[in-house]
Amino acid sequence: MEKKTKTIGKKISNGRKSLFILILAIGIPAILFLLLEIGLRIANYGYSPNFFAKREINGKIYLTDNPRFSLRFFPPALARPASHFAIPDKKTPDTFRIFILGGSAAMGDPDFSFGFSRILEAMLKHEFPKQKFEIVNTAITAINSNVVLPIARDCADAHPDLFIVYLGNNEVIGPYGPGTVFAPFMSNLAFVRSNIFLKSTKIGQLTYNIGQSFAKSKPGDQTWGGVDMFLNNRLRFNDPRMKDVYDHFHQNLQEICQTGTDAGAKVILSTVATNLKNCAPFGSLHENSIQEKSLKYWQKKYDSAIQFESEREFDQAIEGYHDAAKIDTSYADLNFRLARCFLALGQIQEAHTAFEKARDLDALRFRADIKINQIIRDISETSTDITLVDAEKTFWNSDSQTIPGDNVFYDHVHFNFAGNYKLAKLIRNEVRRIFTQKNTDSTLSIEAAKKHLAFTPFDDFRLKKEMLTRKKSPAFAHQLDNQEVVEQEHTALETLRKTLTQDALTQSIQIYQKAIAAEPNDWILHNNLGLLLLENGHDSESAIKEFEFVQTLFPEDHVTQNNMGLAYKQLGEYETAIVYFEKALQVKPTYFEAYFNLGETFEKQGAYEAALDNYQRAHVPNEKLAEAYKRYGIYLANSGKIDRAVEQLNLALDSWPKCAEAHRALGRIYVQIQNLESAVHHFSEQIRLQPNQAEGFIDLGSTLFQTKDFAGAIANYQSALQINPDLPEVENNLGLAFCNLGQFEAALPHFENAIKTEPDYLAARNNMAGALSQLGENEAAIKQLEAIQELNPDNPQIHNNIGAELLKLGRTKQAIAHFEKALQINPNMQSARKNLSYALSKLKEN
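Okay, so the sequence shown: first residue is 4 according to the working numbering, each after it adds one.
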């Protein structure tokens, strides 16, 4: 018995020992991690992971946007901010607080100033003037439901009355999606959320930063490239990872809605409308299993159908596309082309179906597909506190046979003003149902909404110009109709540009002033008026006043600091401008626009080395960098620093070998130092790069003239004149080149052309007189010289030349008079003295 008891005691002791070791193994690292976390927080390391930041404005505490929130999901250089807002930390009882949740389409891209949330706010204020509304747009470009869920949780603590969720376009390409360039794809949602949580800790941020310090690609090396960043991340519609995308979206969206309802808020959930009619697929892929022989047959049918479509034989084109689809129907462009043929034949329903299929098969998945929208509809039915706005179905109105396209969209998913207005109106209908009071006012019209938000023709032009720039990018260039779209939009933009007169500017400024009078605290109106004054009115001082208003609310906003810098730069106050650009960079060190503007400002001051340093930091295109090197090189050349000038101009060519102007500048330097062989090389390169520019041919012709290659000079002068016939100096030089070859007859028409274009061109008249003299046409030569004499009577050389021609004609006395006149003007003119002596001897002989 005693022996048994002793054994049990030993077992208990060993068990306690193991438990103690386990506690130490877990507890000590946990305590160390906790102490490190506390230490990092005390040291104020890293950034706040919260969506909201608290700040005092005019003695009151406000919730504002945290500009560093998205660092949890994006590399620093790619981190996208939310639009600015400021709402009281403590909501008053009479306030109805609405949060907008989503990505760039919900934000209002390309300019949140005119997004649906702003129009919705105007509508609600118009219909319910006694009700106080606070609408906070929390949407951020390129985010998906993985990011929106943490935002929703923060919004739940800010006393929400309503969540409006417009979400679904970025599920594939947003953070942790399979097509992303941001946070890496994870198939397990628990891992995604663990990663997001870890980055909310200071230890997680420290770990990430240490990892980045060893990475080959540094954060500052990355630049935002819009949709072009995803060109290499194509996914087929049946990619196995798409199941994870849909599962994650379903779970995230469900929790977003649950978060809102648990906080006592209603939820309006909207399906996602996309551009079907005027947005060709960004990428098309064949089915993986297709065999080479089948693919060749498919291509034959597809090409034949394209030919029929181009000839407007739409029935035959449809038949051909259907034949190709029997082999492989997964090629997105095929379905888009098929849809266009149906549309041309007035078969709207069939066209809509094919357009939808083209969207869903698009290998660059920038648009919410049919499954995403079905998930939204399904979740809307899970609670009576969730209301569905079916934007997708409403924008496709089968009754009116309207397929959504450029009537409501700028591009693939981003609404124009009409589209934002339509979505706002749909949502407003549901918001109205929350209030029991009856609506007594009419709905705010689209024109009234434009005036309320000060959407002027200049804003319209600015946004369309921005979208046209985007459509020239590589991702859009892959669309089958991109060239046609770009040409059409360029023409439309130029037509709009012609309407932007001074009167239109005055009217636009007045629209802003009226809008501000109605909403004096609307910082967006002040900001946009500042931009209008700066970019179009060139009234920098007034622009600064508007930007200063924005600064009172958001003193650390890097964009406003940059705008202030631009205004002072426009005023010529470069030192002040530099201060503001540097302030912007203190707030956001990866703000490349500020580096670019610093570069331009330093260049204005002649500080080219500082300018180049900032251009390099700005990751400017090679063309821009080459332009800066070129200007610096020319500046150095004009300062007599030839060696350094050549160095900078060669750097320009290293940056961008197609910089024709750098070749021209180098050519002129080499002419100056009489290195004519190198000059010929660079002028030849200039011509190769700019074959339609006369300047290169002129410079090369003049250089070849110096080398006595008169035939080469003639060929280049003639090429210059083919491009631009009105070049009297080139005509004169061409005539001289013919003269040097002894071809005086050929020279005469060119001297005549020079004189015809420029009658006072004395050198051309003198050269023509010389050619005529060589041909024995002395009387004609004298006429040209006398014409010069009338214009320049005190030119001794002309008198000497006239005398020489008269002497050839035997008119010795008249010749003597001109020689004497030449010597009277210039007593030291030896050629005139020699000619006079000869003429006097001839006179004695007679």
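Beta carbons: idealized from backbone N, C-alpha and C, even for Gly. Since we're looking at a predicted model, the values are computed, not measured.
(request) Just confirm the distance between the C-beta atoms of Gly105 and Val168, as a whole number of angstroms; I'd bet it's less than 8 Å. (result) That pair is a contact at about 6 Å.
(request) Select from Asn235, Arg196, Pro728 the residue whose C-alpha is nearest the C-alpha of Pro153. (result) Closest option to Pro153, Cα to Cα, is Arg196.
(request) Closer than 6 Å by C-beta to Ala354: which residues in its own chain qualify, once you throw out the five before and the five after it? Chain order, please. (result) A distance below 6 Å between beta-carbons, with the five flanking residues on each side excluded, links Ala354 to the following residues of its chain, in chain order: Ala342, Phe345, Leu346.
(request) Determine the DSSP secondary structure at Arg100, reduced to helix, strand or coil. (result) DSSP places Arg100 in strand when its eight states are reduced to three.
(message) Can you give me the C-alpha to C-alpha distance between Gln510 and Leu574, rounded to a whole angstrom?
(response) Looking at the two C-alpha atoms, the distance is approximately 24 Å.
(request) Label Lys607 either buried or exposed according to how many other C-beta atoms from any shown protein chain fall within 10 Å of its C-beta, with 16 as the threshold for buried. (result) The residue is exposed, with fewer than 16 neighbouring Cβ atoms inside 10 Å.
(request) Report the rounded CA-to-CA distance for Glu650 versus Thr710, giving the unit in angstroms. (result) Spanning the two alpha carbons is a distance of roughly 25 Å.
(request) Give me the Cβ distance between Asn338 and Ala357, rounded to the nearest whole Å; I'm assuming they're in contact under 8 Å. (result) Their Cβ separation, rounded to whole angstroms, is 5 Å, which keeps Asn338 and Ala357 in contact under 8 Å.
(request) Tell me, please, whether the segment 173 to 184 touches the segment 288 to 295 by the rule of three or more beta-carbon pairs shorter than 8 Å. (result) In short, these stretches do not touch, since the Cβ pair count stays below three.
(message) Counting beta carbon pairs with one atom in the segment 227 to 246 and one in the segment 377 to 391, are three or more of them shorter than 8 Å?
(response) Verdict: no, contact absent.
(message) Just to confirm the assignment, what range does the beta strand (DSSP E) spanning Thr356 have?
(response) Unbroken run through Thr356 is the alpha helix (DSSP H), 351 to 364; no beta strand (DSSP E).
(message) Rounding to the nearest angstrom, what Cα-Cα distance links Leu601 and Asp616 in this structure?
(response) It is roughly 10 Å from the alpha-carbon of Leu601 to the alpha-carbon of Asp616.
(request) Let me know if Ala155 comes out buried or exposed under the rule of 16 or more other beta-carbons within 10 Å of its beta-carbon. (result) Buried: at least 16 other Cβ atoms inside 10 Å.
(message) Quick check on DSSP: helix, strand or coil for Val151?
(response) Note: Val151 maps to helix in three-state DSSP.
(message) I'd like to confirm the pairing. Which residues does DSSP put opposite Arg58 in its beta bridges?
(response) In DSSP, Arg58 forms a bridge with Tyr65.
(request) Would you identify the three-state DSSP class for Phe188, choosing helix, strand or coil? (result) Secondary structure of Phe188 (DSSP, three-state): coil.
(request) Taking only the alpha-carbon atoms, compute the straight-line gap between Leu622 and Glu395 and give it to the nearest angstrom. (result) The displayed chain sequence assigns His, not Leu, to residue 622. Rounded to whole angstroms, the gap between the alpha carbons of His622 and Glu395 is 39 Å.
(request) Check whether the segment 412 to 422 touches the segment 270 to 279, counting contact only when three or more Cβ pairs, one atom from each stretch, lie closer than 8 Å. (result) Contact between the segment 412 to 422 and the segment 270 to 279 is present, because at least three Cβ pairs lie under 8 Å.
(message) In this structure, how does DSSP classify Ala495 when only helix, strand and coil are distinguished?
(response) The DSSP-derived three-state label of Ala495 is helix.
(request) Please determine, among Ala161, Thr760, Ala570, Ala507, the residue with the shortest C-alpha to C-alpha distance to Gly263. (result) Answer by Cα proximity: Ala161.
(request) Look up Asn653 in the DSSP assignment and say whether it is helix, strand or coil. (result) In the structure shown, Asn653 sits in a helix (DSSP, three-state: H, G or I).
(request) Would you tell me roughly how many angstroms separate the C-alpha atoms of Ile176 and Pro163, rounded to the nearest one? (result) Cα to Cα, the separation comes out at about 29 Å.
(message) The beta strand (DSSP E) that contains Asn140, what's its start and end?
(response) In the DSSP annotation of this structure, the continuous segment of the beta strand (DSSP E) that includes Asn140 starts and ends at 135 to 140.
(message) Is it the case that the segment 419 to 433 contacts the segment 446 to 456, given that we only count it when at least three CB pairs across the two stretches are under 8 Å?
(response) Judged by Cβ distances under 8 Å, the segment 446 to 456 makes contact with the segment 419 to 433, as three or more pairs qualify.
(request) State the Cα-Cα distance for the pair His561 and Leu74, rounded to the nearest angstrom. (result) Here the C-alpha atom of His561 lies approximately 16 Å from the C-alpha atom of Leu74.
(message) My output table needs one value for Lys475: the three-state DSSP class, helix, strand or coil.
(response) It is coil, neither helix nor strand.
(request) Return the chain-ordered list of same chain residues with a C-beta closer than 7 Å to the C-beta of Ile2, the five sequence neighbours on each side being excluded. (result) Residue 2 lies beyond the residue range present for the chain, which begins at 4 and ends at 849; the question has no answer from this structure.
(message) Mapping the DSSP letters down to three states, classify Thr390 as helix, strand or coil.
(response) In this structure, Thr390 counts as strand in the three-state DSSP scheme.
(request) Tell me whether the beta-carbon of Tyr764 lies closer than 8 Å to the beta-carbon of Ala772. (result) Not closer than 8 Å, so no.
(request) Express the C-alpha separation of Tyr632 and Ala614 in angstroms, rounding to a whole number. (result) Ala614 and Tyr632: Cα-Cα distance of roughly 9 Å.
(message) What does the Cβ neighbour count give for Asp224, buried or exposed, with the cut at 16 atoms within 10 Å?
(response) Bear in mind that the predicted position of Asp224 carries a pLDDT of just 49, short of 50, making it unreliable; the figure below should be weighed with that in mind. Its Cβ having fewer than 16 others within 10 Å, Asp224 is exposed.
(request) Go to Ala46, then tell me how far its beta strand (DSSP E) extends in each direction, as first and last residue. (result) Per DSSP, Ala46 lies in no beta strand (DSSP E) and is assigned neither H nor E.
(message) Measuring alpha carbon to alpha carbon, tell me which residue in Leu656, Lys644, Asn53 is nearest Glu630.
(response) For the options Leu656, Lys644, Asn53, the alpha carbon positioned closest to that of Glu630 is the one of Leu656.
(request) Could you spell out the range, first to last residue, of the alpha helix (DSSP H) harbouring Phe700? (result) For Phe700, the enclosing alpha helix (DSSP H) starts and ends at 697 to 709.
(message) If the criterion is Cβ atoms closer than 8 Å, does the pair Ala835 and Leu826 meet it?
(response) Against a cut-off of 8 Å, the Cβ pair of Leu826 and Ala835 comes out as a contact.
(message) Within a Cβ cutoff of 8 Å, which residues of the same chain sit near Gln856, ignoring the five residues on either side of it in sequence?
(response) Summary: the structure shown does not reach residue 856, with the chain confined to residues 4 through 849, and so no result is reported for it.
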